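*Asks:*
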Amino acid sequence: MGHSVGVIASDYIAVGKVDNNSIHGTIQKIRESETDSDYDFLAEMPADDIITRIGEQIVVVADGEQIPVVGIGFPGIIRDGIVLDSPNLQQVKGRDLASDIATYLAGQGIDTQVFIFNDADVLAAGVAATYGYLDRVVRGWYLGVGIGFGRYPQSDGVWEGGHFVVTLDPKEQFCQCGGRGHLEGIMGVRAMRLRFMDMEPEEVFEQARYGDKKCSDFVKLWHRALAAATATSVHVDGPGKFFIFGPNARFVQVGLLDLYLQEMVKMSPLQGSHFEVIKAEDALAIIGAAINAEQATRQVEFKRELTRKVYD
Ligand SMILES: [Zn+2]
Numbered sequence: 049m050g051h052s053v054g055v056i057a058s059d060y061i062a063v064g065k066v067d068n069n070s071i072h073g074t075i076q077k078i079r080e081s082e083t084d085s086d087y088d089f090l091a092e093m094p095a096d097d098i099i100t101r102i103g104e105q106i107v108v109v110a111d112g113e114q115i116p117v118v119g120i121g122f123p124g125i126i127r128d129g130i131v132l133d134s135p136n137l138q139q140v141k142g143r144d145l146a147s148d149i150a151t152y153l154a155g156q157g158i159d160t161q162v163f164i165f166n167d168a169d170v171l172a173a174g175v176a177a178t179y180g181y182l183d184r185v186v187r188g189w190y191l192g193v194g195i196g197f198g199r200y201p202q203s204d205g206v207w208e209g210g211h212f213v214v215t216l217d218p219k220e221q222f223c224q225c226g227g228r229g230h231l232e233g234i235m236g237v238r239a240m241r242l243r244f245m246d247m248e249p250e251e252v253f254e255q256a257r258y259g260d261k262k263c264s265d266f267v268k269l270w271h272r273a274l275a276a277a278t279a280t281s282v283h284v285d286g287p288g289k290f291f292i293f294g295p296n297a298r299f300v301q302v303g304l305l306d307l308y309l310q311e312m313v314k315m316s317p318l319q320g321s322h323f324e325v326i327k328a329e330d331a332l333a334i335i336g337a338a339i340n341a342e343q344a345t346r347q348v349e350f351k352r353e354l355t356r357k358v359y360d
């Protein structure tokens, strides 16, 4: 029995073998180049190329070993390996990613089961495994091109927290999905580029530090929006720790978020939530993808066993 393989394919592609809740060997990572931003790497790639590039990296990481299961974290709403929607990667909408990648791997001599999960969910699973939280609910925000909301354990539901409505202002219409007032319409990279036509997100946060009024007002709105979406999650799912990952986690001021959240959540049983910014998200996502895939395999086995008992 070989190692499971975990993959994260969101703003870039990273692949690794996973053994006993930790990375085995090195992580294989591809992006446009070391100097370019990771933001648009997959966005501009045709769906067939995305499938091939992911498949190629899995073959490199497998290194001739048979791998029982592959778990892949991918942005969007995923059901049974099919990408139902992915606002920031429209080219894969409707594709059966799990079966396409399994077919590519079979062509390379690797017979394995492939499972696809939401990218933010695999980060939450990675935190659960790495920090010893496999027995509790873990939630996290991924701040990249899009805004992902991750939750562990995997369960039925949609959990598109990036599209929580955080403002009733009808002018707030920068979300890639087309919906008004969404969290991603304020915090996502594309939304920020549309709002500040002549500035990259890095420059907006820098200008805010130098006291530019428009930029510093926006930075407050950016934090208030994340606090509002978190407050919604607290009012639905209870209080707890919220992890923050992704390339734009570097802009987060945790103190400001905590303050805004305290203003928004007042009922005493719902107090006590906190934010924590987490780095090394590649390893966490890869571990989480592999763990979710291992758990999914066991569920498939269990259902098969049950069917056999019923019909025998
Ligand atoms: Zn949206």
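For the working numbering, add 48 to where a residue sits in the sequence shown, where the first one is 1.
No residue lacks a Cβ here, since even glycine has one placed at the ideal position from N, Cα and C.
Since the model is a prediction, treat every value here as computed from it, not as a measurement.
1. Who are the near neighbours of THR83 in its chain, counting only those whose CB is closer than 6 Å to its CB and skipping five residues on each side?
2. What's the C-alpha gap between ASP204 and GLU232?
3. Taking the alpha-carbon of VAL131 as reference, which of GLY188, ALA57, ASP183, ASP67 has the nearest alpha-carbon?
4. Just to confirm, are ALA146 and VAL162 a CB contact at a threshold of 7 Å?
5. Here's a check: name, in chain order, each residue in its chain whose Cβ is nearer than 8 Å to the Cβ of HIS72, leaving out the five neighbours to either side.
6. For SER70, report the span of its beta strand (DSSP E) as first-last.
7. Is the beta carbon of VAL55 less than 7 Å from the beta carbon of ILE98?
8. Helix, strand or coil, according to DSSP, for GLN255 in the structure here?
9. Under the criterion of a Cβ to heavy atom distance below 6 Å, does GLU220 qualify as lining ligand 1?
10. What are the start and end residues of each continuous beta strand (DSSP E) run of 3 or more residues lying completely inside the segment 84-128, in chain order?
11. Looking at C-beta atoms only, is the number of pairs between the segment 338-349 and the segment 306-319 that lie closer than 8 Å three or more?
12. Could you please give the first and the last residue of the uninterrupted beta strand (DSSP E) stretch that includes ARG389?
13. So, for ALA276: in the same chain, excluding its five sequence neighbours on each side, which residues have a beta-carbon less than 7 Å away from its beta-carbon?
14. Looking at the unbroken beta strand (DSSP E) that takes in ILE370, where does it start and where does it end?
15. Can you tell me which of the three DSSP states ASN296 falls into?
16. Which word fits LEU332, buried or exposed, when buried means at least 16 other C-beta atoms lie within 10 angstroms of its C-beta?
17. Using only the alpha-carbon positions, how far apart do PRO201 and ARG187 sit?
18. Does the pairing of the segment 120-129 with the segment 139-154 give three or more beta-carbon distances under 8 Å?
19. Whole beta strand (DSSP E) runs in the segment 156-231 with 3 or more residues, listed along the chain?
20. Tell me whether GLY229 counts as near ligand 1, meaning its Cβ is closer than 6 Å to at least one heavy atom of that ligand.
21. Name the residue from PHE165, ALA337, ARG238 whose alpha carbon lies nearest to the alpha carbon of ASN296.
22. PHE350 to ALA150, Cα distance in whole Å?
23. Using 6 Å as the cut-off, classify the Cβ of GLU311 as near or not near the heavy atoms of ligand 1, replying yes or no.
24. Please state the DSSP three-state secondary structure of SER321.
25. Reducing DSSP to helix, strand and coil, say where SER52 ends up.
26. Taking all protein chains shown into account, decide if ASP330 is buried (16 or more other Cβ within 10 angstroms of its Cβ) or exposed.
27. Checking 7 Å against the spacing of the C-beta atoms, do LEU137 and LEU191 come in under that value?
28. Using beta-carbon positions only, say whether PHE291 and ILE326 come within less than 7 Å of one another.
29. Is LYS261 helix, strand or coil when you go by DSSP?
30. Just mark MET240 as buried or exposed, buried being the case when its beta carbon has 16 or more other beta carbons within 10 Å.
31. What is the DSSP secondary structure of VAL282, reduced to helix, strand or coil?
*Replies:* Let me spell this out:
1. With a pLDDT of only 44 at THR83, under 50, the local geometry of the prediction cannot be trusted, and no value is derived from it.
2. 23 Å
3. ALA57
4. yes
5. HIS51, GLY64, LYS65, VAL66
6. 70-78
7. no
8. helix
9. no
10. 117-122, 125-127
11. no
12. No information on residue 389 is available, as it lies outside the stretch 49 to 360 that the chain covers here.
13. VAL214, MET312
14. Look at the range of the chain in this structure, 49 to 360, and you will see that residue 370 is not part of it.
15. helix
16. buried
17. 9 Å
18. yes
19. 161-166, 186-191, 195-200
20. no
21. ARG238
22. 22 Å
23. no
24. coil
25. strand
26. buried
27. no
28. yes
29. helix
30. buried
31. helix
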